[in-house]
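In full-length UniProt numbering, the protein residues as written are 1 to 262.
See structure below.
Encoded structure:
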């Protein structure tokens with residue numbers, strides 16, 4: 001995927017979406033698909049699902065749940081999941097790199113939406129086959145607008161992590177909740193006073209491990225809401241330590257660990 005072409009597509013989608021406010025525009029997908037997955041077949045399936053509100057209260061904080069039902073997939077093993085919001089100026093919201101430690105995938109999180117759009121969950125196998133689930137969600141104003149943050153407060157707070165795990169029965173799914181303080185500036189927002197664009201500043205990667213073994217890596221994009229939140233399940237096979245390492249686009253690293261007991 002060429003970055004220049006992605007930027008052009010983003011601008012085209014942004015302009016098109018700005019005209020259509022009543023509902024999501026299905027025609028955007030043709031252009032977006034060819035930018036991200038040129039000349040590749042994508043099969044729409046029931047084992048990938050996007051759950052979310054029909055209409056979100058705020059485009060800056062759209063609650064969604066992404067589901068890969070491994071039991072219903074009839075042996076289809078997905079290694080990556082891409083979250084794409086058709087009508088956002090930057091459509092790729094995040095990419096999830098999966099492991100067997102997750103036993104499928106269910107992720108509750110929050111995304112940004114600039115306008116009404118289809119939100120798509122695209123799954124990819126190791127040999128490059130693609131599958132998709134989607135949902136139309138109505139929302140507005142999540143990517144642009146103006147900001148009036150106190151810069152010193154923003155920098156001081158960035159990277160503070162809260163993490164918890166429900167007391168598990170080892171060998172069965174346990175639920176982990178992760179939240180990191182971060183303003184997640186998109187690069188499309190304007191300063192309230194100067195009206196100039198505020199530089200992008202966002203978490204760009206999180207890696208979760210259990211007892212030193214990778215569970216999941218998330219490539220985080222600016223389509224993720226402020227103060228990124230992730231709630232997911234994994235299968236701990238014994239007592240141990242859940243760790244997360246997060247980085248931002250300026251090269252800073254933040255980490256947290258949690259002892260997991262029954």
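Note that CB positions come from ideal geometry on N, CA and C, so glycine has one too.
Proximity below 8 Å, CB of residue i to CB of residue j
i, j, result
"residue 253", "residue 244", "no"
"residue 84", "residue 120", "yes"
"residue 23", "residue 86", "no"
"residue 267", "residue 63", "Absent from the structure is residue 267, since the part of the chain shown begins at 1 and ends at 262."
"residue 47", "residue 72", "yes"
"residue 79", "residue 44", "no"
"residue 29", "residue 118", "yes"
"residue 189", "residue 145", "yes"
"residue 215", "residue 101", "yes"
"residue 180", "residue 219", "no"
Own chain, CB closer than 8 Å to residue i, minus 5 neighbours either side, in chain order
i, result
"residue 185", "147, 198, 199, 200, 201, 202 and 222"
"residue 106", "65, 66, 67, 68, 232 and 233"
"residue 260", "165, 168, 174, 210, 236, 239, 240, 241 and 242"
"residue 262", "167, 168, 169, 170 and 239"
Cβ shell of residue i (< 7 Å), same chain only, five flanking positions each side left out
i, result
"residue 263", "Shown here, the chain extends from 1 to 262; a query on residue 263 therefore has no answer."
"residue 4", "Because residue 4 sits at a pLDDT of 36, beneath the cut-off of 50, its placement in the model cannot be relied upon, and the point is left open."
"residue 149", "183"
"residue 90", "10, 221, 222 and 223"
"residue 40", "130"
"residue 156", "none"
Residues near residue i in its chain [Cβ-Cβ closer than 6 Å; skip 5 each side]
i, result
"residue 163", "178, 256 and 258"
"residue 153", "none"
"residue 207", "217 and 245"
"residue 133", "48, 49, 50 and 121"
"residue 26", "none"
"residue 54", "none"
"residue 187", "200"
"residue 158", "182"
"residue 108", "65 and 231"
"residue 212", "none"
Local Cβ density within 10 Å of residue i, reported as buried at 16 or more and exposed below that
i, result
"residue 251", "exposed"
"residue 114", "buried"
"residue 33", "buried"
"residue 112", "buried"
"residue 263", "The structure shown has nothing for residue 263, since the chain only spans 1 to 262."
"residue 196", "exposed"
"residue 59", "buried"
"residue 52", "buried"
"residue 126", "exposed"
"residue 56", "buried"
Beta-carbon separation (whole angstroms), residue i vs residue j, contact threshold 8 Å
i, j, result
"residue 92", "residue 82", "7 Å"
"residue 130", "residue 76", "Actually they do not touch by this definition, with Cβ atoms about 11 Å apart."
"residue 225", "residue 61", "5 Å"
"residue 104", "residue 70", "3 Å"
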